[in-house]
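Engineer: Chains as they are written, first to last, in this note's numbering: chain Z, -18 to 251; chain P, 853 to 1105.
Backbone N, C-alpha and C define an ideal beta-carbon position, used for all residues, glycine too.
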Amino acid sequence: MGTLGRAIYTVGFWIRETGQALDRLGCRLQGNYYFHEQLSRHRTLMNIVDKAPVVDKDAFVAPSASIIGHVQVGRGSSIWYGCVLRGDVNSVIVGSGTNIQDNSLVHVAKSNLNGKVLPTTIGNNVTVGHSAVLHGCTVEDEAFVGTGATLLDGVVVEKHGMVAAGSLVRQNTRIPSGEVWGGNPAKFLRKLTDEEISVISQSATNYSNLARVHAAENSKPFDEIEFKKVISKKFAQRDEEYDSMLGVVRETPPEFPLPDDIKDPKVSQK
Amino acid sequence: MAALSRITRKAMTTTISPVHVIQRALSTSAAATTATEGAKTITPSADRVKWDYRGQRKIIPLGQWLPKVAVDAYVAPNVVLAGQVTVWDGASVWAGSVLRGDLNKITVGFCSNVQERCVIHAAWSSPTGLPAETSIERFVTVGAYSLLRSCTIEPECIIGQHSILMEGSLVETHSILEAGSVVPPGRRIPNGELWAGNPARFVRTLTHEETTEIPKLAVAINDLSKSHFSEFLPYSTVYLEVEKFKKNLGISI
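(1) May I ask you to verify whether the segment 147 to 162 of chain Z touches the segment 181 to 193 of chain Z, counting CB pairs closer than 8 Å and requiring at least 3?
(2) Can the beta-carbon of residue 1027/P be found closer than 8 Å to that of residue 1045/P?
(3) Measure the C-alpha to C-alpha separation of residue 127/Z and residue 164/Z and round it to an integer number of angstroms.
(4) What do you get for residue 6/Z, buried or exposed, if any count of 16 or more other CB atoms within 10 angstroms of its CB means buried?
(5) Along the alpha helix (DSSP H) that carries residue 168/Z, what are the first and last residues, could you check?
(6) Does the distance from the C-beta atom of residue 1074/P to that of residue 987/P stay below 8 Å?
(7) Hey, quick one: how far does the alpha helix (DSSP H) through residue 1045/P stretch, first residue to last?
(8) Given that residue -10/Z touches chain P, what residues does it touch there, using C-beta distances under 7 Å?
(9) For residue 132/Z and residue 33/Z, I'd like the C-alpha separation in whole angstroms.
(10) Rounded to whole angstroms, what is the Cα-Cα separation between residue 1076/P and residue 1084/P?
(11) Residue 926/P bridges to which residues according to DSSP?
(12) Distance cutoff 8 Å, beta carbons only. Does residue 112/Z sit that close to anything in chain P?
(13) Could you tell me which chain P residues have their CB closer than 9 Å to the CB of residue 213/Z, listed as they occur along the chain?
(14) If we define contact as Cβ-Cβ less than 8 Å, is residue 999/P a contact residue for chain Z?
(15) So, at 6 Å on beta carbons, what are the nonlocal neighbours of residue 137/Z in its own chain, with the 5 sequence-adjacent residues on each side left out?
(16) Assign residue 936/P to one of three DSSP states: helix, strand, or coil.
(17) Residue 939/P and residue 921/P look like a contact to me (Cβ under 8 Å); what is the Cβ gap, rounded to whole Å?
(18) Just the C-alpha distance for residue 115/Z and residue 1040/P, rounded to the nearest angstrom, thanks.
(19) Between residue 1088/P and chain Z, is the shortest Cβ-Cβ distance under 8 Å, so that the two count as touching?
(20) Give me, in chain order, the residues of the same chain whose beta-carbon lies closer than 6 Å to that of residue 141/Z; leave out the 5 immediate sequence neighbours on both sides.
(21) Nearest chain P C-beta to residue 44/Z closer than 8 Å, yes or no?
(22) Taking only beta carbons into account, state which residues of the segment 135 to 152 of chain Z come closer than 7 Å to chain P, listed in chain order.
(23) Measure from the C-beta of residue 941/P to each C-beta in chain Z and report whether the shortest distance is under 8 Å.
(24) Residues in its own chain within less than 6 Å of residue 39/Z by CB, not counting five upstream and five downstream?
(25) Which residue's Cα is closest to the Cα of residue 61/Z: 985/P, 971/P, 1019/P?
(26) Using a Cβ-Cβ cut-off of less than 8 Å, list which residues of the segment 60 to 73 of chain Z approach chain P; keep chain order.
(27) Let's test the definition: count the other Cβ atoms within 10 Å of the Cβ of residue 162/Z and tell me whether it reaches 16, buried, or not, exposed.
(28) Around the Cβ of residue 134/Z, are there at least 16 other Cβ atoms within 10 angstroms (buried) or fewer (exposed)?
(29) Count the other C-beta atoms from every protein chain shown that fall within 10 angstroms of the C-beta of residue 53/Z, then say buried if there are 16 or more, exposed otherwise.
(30) State the DSSP-derived secondary structure class of residue 965/P, mapped to helix, strand or coil.
(31) For a contact meaning CB atoms closer than 8 Å, what does residue 122/Z contact in chain C?
(32) Looking at the C-beta of residue 80/Z, does it have a partner C-beta in chain P at a distance below 8 Å?
(33) What does the alpha-carbon distance come out to for the pair residue 1094/P and residue 1014/P?
(34) Where does the unbroken beta strand (DSSP E) through residue 1025/P begin, and where does it stop?
(35) Would you kindly work out how many angstroms separate the C-alpha atoms of residue 1016/P and residue 1051/P, rounded to a whole number?
(36) Whole angstroms is fine: what's the gap from residue 1065/P's alpha carbon to residue 984/P's?
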């Protein structure tokens, strides 16, 4: 760059230095209460001594999730935001195509009052709802654990079993295939219809597709994120209320095209 | 992405690969054959980032949807807003919440608050005729650890802590849901009543004094959120740490 460009760059640099000096002065004035910003130390995949998580390359793990210790996550599975899969004293095995939704907790125990505890095994194509708590249990393929459910030690949810939302499944309960159990403590509610069973499998597939969209978004490097911000500002749709306050009428904005994967499942099947 | 993996690989000790060998050897000796078979079918990617110094992004745009946060709304840095989420003025979303508007819209209305560790999601379609978006209208207090899915909460309600509202439920104006209540799909909590339990059942109607307290609670939490909001500088100085960090690892900025 020419001398003028270089001069402006240097002036900019001086201004930044001044700003940082002022920031340091402000910190000193704040004294003991000053907050020192640090880089995020959150470790998505963390190993405990020699137990390291093994996560398939096609699995989506949200950055704010914590996968600690002896955990295996299979192909096409998704671990959503804020989950904690803690395999520190025993192992956690998550199959393929399973989704562990936001803020869930999958935990194992080494032993409980009754004796040794099996590792937590979650089969293939299982849907574990938001904020579920799974502690030392076995969930077989294509089961459905509802939102906010708590599954205690030794629980076995058989294939196509469903745990209703908010239920507390006590220790060593076995939820047979094709039944809905719920409540606190969990009791048999009703049997699942065939249609509902197919909905469960379909929801697992939908979630895998959704996970791919999130995975793509979360793994963007810094430059791409900034570029996208600029682009979206440029093409931003004006707020309708704002426009009506100004008395401006714009032509109706086009419908946002959804990526194919997360379209209405019934539509995409046709 | 490659730069990140470089950073993480450099920052980590090189004892990871022998660790995997140890782990597999340990599992075979414990006769957990299923574990080893499972391990064989999992193909981990060498590029998977185990630690990202950026942490989790707060606002995650999906496709063309960008979550919108009003200028005076407090959204904790822990929170994840993804997809079609709008947080209106005076609202607050507290630590650890996840508002995932990837299938449908989520709105947090004026002066409402979504407290700690809530998960708000919207299904694709709802069993009732109501729109499948999750809309939290004005002056609503959603208690900590609640799970909301495709529900409509009309103005001036209180949702107790750890409550679960399933698809298509409607909580009408001036009602209170006690802590720990589970509202099954498609249920309606009528105007001015107190409901509790799993599944939620009618307890009693609210007195007029209690009804006037509801928006006061929302405003009080709004006040509280302002003090939390003021703790954060408008621009973060963490870029200095990033520059120091990169200099340590010898990566040019």
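Structural biologist: In terms of the structure at hand:
(1) Contact between the segment 147 to 162 of chain Z and the segment 181 to 193 of chain Z is absent, because fewer than three Cβ pairs lie under 8 Å.
(2) The beta carbons of residue 1027/P and residue 1045/P sit closer together than 8 Å.
(3) Distance from the CA of residue 127/Z to the CA of residue 164/Z, rounded to the nearest whole angstrom, comes to 11 Å.
(4) Exposed, since its Cβ has fewer than 16 Cβ neighbours within 10 Å.
(5) Run containing residue 168/Z: none in the alpha helix (DSSP H); it sits in the beta strand (DSSP E), 168 to 172.
(6) In this structure, residue 987/P does not lie closer than 8 Å to residue 1074/P by Cβ.
(7) No alpha helix (DSSP H) contains residue 1045/P, which is instead part of the beta strand (DSSP E) from 1045 to 1048.
(8) The premise fails here: residue -10/Z is roughly 15 Å from chain P at the closest Cβ pair, so nothing lies under 7 Å.
(9) So the two alpha carbons sit approximately 25 Å from each other.
(10) Roughly 14 Å between the two C-alpha positions.
(11) The partner list for residue 926/P (beta bridge, DSSP) reads 944/P.
(12) At least one beta carbon of chain P lies nearer than 8 Å to the beta carbon of residue 112/Z.
(13) Result: 913, 916, 918.
(14) For residue 999/P, the answer is yes, since a Cβ of chain Z falls inside 8 Å of its Cβ.
(15) Residues 119, 155 of the same chain have their beta carbon placed closer than 6 Å to that of residue 137/Z, with the five preceding and five following residues left out of the count.
(16) Three-state result, residue 936/P: strand.
(17) That pair is a contact at about 5 Å.
(18) C-alpha separation (whole angstroms): 30 Å.
(19) Residue-level contact by beta carbon holds for residue 1088/P and chain Z, with a gap shorter than 8 Å.
(20) Taking residue 141/Z as the centre and dropping the five residues before and after it, the same chain places the C-beta of 123, 158, 159, 178 closer than 6 Å to its C-beta, in chain order.
(21) Closer than 8 Å to some Cβ of chain P, the Cβ of residue 44/Z qualifies, so yes.
(22) Interface annotation for the segment 135 to 152 of chain Z against chain P: 146, 147, criterion Cβ-Cβ distance under 7 Å.
(23) It does not; no Cβ of chain Z falls within 8 Å.
(24) Here residue 39/Z has 56, 57 as same chain residues with Cβ atoms under 6 Å from its own Cβ, once five neighbours each way along the sequence are excluded.
(25) Of the listed residues, the one whose Cα sits closest to residue 61/Z is 971/P.
(26) When C-beta distances to chain P are compared with 8 Å, the residues of the segment 60 to 73 of chain Z below that value are 61, 62, 63, 72, in chain order.
(27) Label assigned to residue 162/Z: buried.
(28) The residue in question, residue 134/Z, is buried, as its Cβ has 16 or more Cβ neighbours within 10 Å.
(29) So residue 53/Z ends up on the buried side.
(30) Residue 965/P sits in a strand when the DSSP states are folded into three classes.
(31) Absent here is chain C; the protein component of the structure consists of chains Z and P.
(32) False, the Cβ-Cβ gap to chain P never drops below 8 Å.
(33) Going by the C-alpha atoms only, they are around 38 Å apart.
(34) Per DSSP, residue 1025/P belongs to no beta strand (DSSP E) and is neither H nor E.
(35) Rounded to the nearest whole angstrom, the CA to CA distance from residue 1016/P to residue 1051/P is 10 Å.
(36) About 29 Å.
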